[in-house]
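Position 10 (the sequence shown) corresponds to 9 in numbering that gives the first Met the number 0; numbering is contiguous.
All C-beta atoms, glycine included, are put in the ideal place defined by N, C-alpha and C.
Worksheet for the structure shown next.
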Amino acid sequence: MDLDKINVKLFTKTDTFAPAEFVPIFHHWIQEQSLPGHLLIDVADYAHVPAGPGTLVVASEANIHMDRTENRLGLLYVRKQPIVGAATLHDRIRAVIAEALHAAAKMQHEPECEGRLDFRTDEISIRFNDRLLAPNTPETLAALKPAVEAVAKKLFANSPVTVELHDPSPLVLLDLRVKTNGSTTIEQLLERAGAQSLSN
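The following block contains the structure:
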């Protein structure tokens, strides 16, 4: 399936942040152009919207949110453009996860977030943001789940992994939740995703 618009959300363990607290961080990212492979353009703040998209930095390639959908804070990476070199669906899923992990690791080490921001590594949301190519139907689930499972097994090494459909409603994007009981870190996941160069 020729899908490029893939979203990945990494959830935080806690949320102690004021609604607009991520705005200056993202402005600093733009000033420094500090995400390799991304042309960072602007910041949008929807943090006042309950359970909404939060604060995001807009890039040509993707939008990166500190998102509060479902009333759960997390870093949401929304890919808009194809990733060079990611020829297969498996490659694209892995590459978008790697980009999300890289952004999360960077956010976690921002001075404003040190000691306050910690990402969970036991659950990842993978959404397919293309209602034409990937409607939320049993047929699409059957087509996409094997690729997600294959990536998840490599990402979490020897830990048991499950891949579950979050919501079967055709009114929402197809959202697969990767879950594990294993213990790991963002940095370990980033290394397994093959993105060591992104963290330089």
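A direct Cα-Cα distance of roughly 19 angstroms separates L74 from V171. The residue from S59, H101, L38, D66 with its alpha-carbon nearest to that of A50 is D66.
Proximity of the segment 163-182 to the segment 106-119 falls short of the contact definition, fewer than three beta-carbon pairs being nearer than 8 angstroms. According to DSSP, L75 shares a beta bridge with K8, H64. For L164 and A133, the gap between their C-alpha atoms comes out near 13 angstroms. Per DSSP, E122 is one residue of the beta strand (DSSP E) stretching across 118-127. In the structure shown, the three-state DSSP call for V57 is strand. Relative to D3, the option among T120, F10, D41, A85 whose CA is nearest is A85. In the displayed model, D174 falls within a strand according to three-state DSSP.
The Cβ atoms of E186 and A103 do not sit closer than 8 angstroms to each other. Beyond the five residues adjoining it in sequence on each side, L140 comes within less than 7 angstroms, by CB distance, of L164, L173 in the same chain, given in chain order. Under the three-pair Cβ rule at 8 angstroms, the segment 29-38 counts as touching the segment 48-63.
At least 8 angstroms separates the beta-carbon of T184 from that of D121. Here L72 has T11, D14 as same chain residues with Cβ atoms under 6 angstroms from its own Cβ, once five neighbours each way along the sequence are excluded.
In the structure shown, A104 falls within a helical segment according to DSSP collapsed to helix, strand and coil. Annotation for T139: the continuous alpha helix (DSSP H) segment containing it runs 137-154.
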